[in-house]
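Participant:
See below:
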């Protein structure tokens, strides 16, 4: 067999590190409103890009980003918050409560900060983020990943004053299936923000 070019310097394929379910102190790198469309209409999300800033898993998402070798590198540390539509529905009421809970967690984690409806001002802020296990399916493959669930005050993470939510299975499946670990080395998250921030 004839050797191919750059064999000695070619990176090998390895399994992606899986972040354990839990809560972590994080730093926000970027926050921006994104608009999504589908046949059912349009909706808005506040996408908050972050990384873990303290503890054993510090810089988890930066390390993950650096380890990606493809041209379509994606920043995986993103919490997507639905933005209320003010349509008066029960679902919109829940969206408002969820949004405000996350914003208050940022305010409580950053002495003197008050939300002024300018998402760019979230850059550099500290906040606690709770992660849960979520099932995914993409191009005929499926598995489980650890995903950001909600924000909590950083002090609550330090004191252990948070609850890990139950695993989130795909629609129609039992939550007990979350106990099986998956190799997410080829998982592609759609609509993530690319670095640099």
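Numbering (my numbering), first residue to last: 4 to 200. All C-beta atoms in this analysis are idealised placements derived from N, C-alpha and C, irrespective of residue type, glycine included. These numbers were taken from a predicted model, which means no experiment stands behind them.
Assuming residue 131 and residue 155 are in contact, meaning their beta carbons sit under 8 Å apart, how far apart are those beta carbons, in whole angstroms?
Facilitator: For the purposes of this step, residue 131 is taken as residue 128 along the chain shown, with counting starting at 1. For the purposes of this step, residue 155 is taken as residue 152 along the chain shown, with counting starting at 1. Residue 131 to residue 155, Cβ: 4 Å. Contact.
Participant: Check whether the segment 57-65 touches the segment 88-98, counting contact only when three or more Cβ pairs, one atom from each stretch, lie closer than 8 Å.
Facilitator: At 8 Å Cβ cutoff, the stretches do not touch.
Participant: From the DSSP output, which residues share a beta bridge with residue 30?
Facilitator: Here residue 30 corresponds to residue number 27 of the chain shown, with the count starting at 1. According to DSSP, which records beta bridges pairwise, residue 30 is partnered with 54, 129.
Participant: Would you check whether the ligand ADP has a heavy atom nearer than 7 Å to the C-beta of residue 154?
Facilitator: Ligands in the displayed structure: none, and consequently the ligand ADP is not present.
Participant: Reducing DSSP to helix, strand and coil, say where residue 20 ends up.
Facilitator: By one-based count along the chain shown, residue 20 stands at place 17. Residue 20 falls in the coil class under three-state DSSP.
Participant: Based on DSSP bridge pairs, tell me the residues matched to residue 134.
Facilitator: Looking up residue 134 in the chain shown gives position 131. Its beta-bridge partners are 25, 151.
Participant: Helix, strand or coil: which one does DSSP assign to residue 37?
Facilitator: Your numbering for residue 37 matches position 34 in the chain shown. In this structure, residue 37 counts as strand in the three-state DSSP scheme.
Participant: Residue 180 by DSSP, collapsed to three states: which one?
Facilitator: For the purposes of this step, residue 180 is taken as residue 177 along the chain shown, with counting starting at 1. Its pLDDT being 45, under 50, residue 180 is placed unreliably in this model, and the coordinates cannot settle the point.
Participant: Which whole-angstrom value is the C-beta distance of residue 76 and residue 64, which I expect to be below 8 Å?
Facilitator: For the purposes of this step, residue 76 is taken as residue 73 along the chain shown, with counting starting at 1. For the purposes of this step, residue 64 is taken as residue 61 along the chain shown, with counting starting at 1. Actually they are not in contact, since the Cβ atoms of residue 76 and residue 64 sit about 12 Å apart, beyond 8 Å.
Participant: Whole angstroms is fine: what's the gap from residue 89's alpha carbon to residue 121's?
Facilitator: Looking up residue 89 in the chain shown gives position 86. Looking up residue 121 in the chain shown gives position 118. Looking at the two C-alpha atoms, the distance is approximately 19 Å.
Participant: Taking residue 105 as part of the beta strand (DSSP E), name the residues at either end of that continuous run.
Facilitator: Walking along the chain shown from the start, residue 105 turns up at place 102. That residue, residue 105, is in no beta strand (DSSP E); its alpha helix (DSSP H) goes 93-112.
Participant: Grouping DSSP H, G and I as helix and E and B as strand, with all else coil, what is residue 141?
Facilitator: Against the chain shown, residue 141 aligns to sequence position 138. In this structure, residue 141 counts as strand in the three-state DSSP scheme.
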